[in-house]
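Numbering (this note's numbering), first residue to last: 775 to 879.
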């Protein structure tokens, strides 16, 4: 099933990605941070990476994606979500499938 995915150029209804990874990190989830616990991360994108086995933060400024930073690695990250208090929940995909909470020390 499925055919070839055609190439597209900017201006024909498609826009080039703002960032990417080669090889792919296989993002499993995406969250834009809006909390107060990490004010320097407000508006940044957080991705759970399956094959990349990491939690990745991408510095976002408006429509520009800047540098990325690996915050947690060594396990497949299935999901990342912001908690009501502004902490960040990380759900691992391997072993016992731990649920971790990222908060300032």
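In this text, a Cβ means the ideal position worked out from N, Cα and C, and glycines have one as well. If you're wondering where the values come from, they're calculated on a predicted model, not measured in any experiment.
By the beta-carbon neighbour count (other beta carbons within 10 angstroms, threshold 16), residue 841 is exposed.
Taking all protein chains in view, the Cβ of residue 777 is surrounded by fewer than 16 other Cβ atoms within 10 Å, so the residue is classified as exposed. For the stretch 813–845, there is no continuous alpha helix (DSSP H) assignment of 4+ residues that stays within its boundaries. From the listed residues 834, 860, 824, 779, the smallest Cα separation to residue 846 is found for 824. In the structure shown, the three-state DSSP call for residue 802 is strand. For residue 862, the secondary structure class from DSSP, reduced to helix, strand or coil, is strand. Residue 831 and residue 838 have their C-alpha atoms some 14 Å from each other. Contact check for residue 862 against residue 877 passes: the beta carbons are separated by less than 9 Å.
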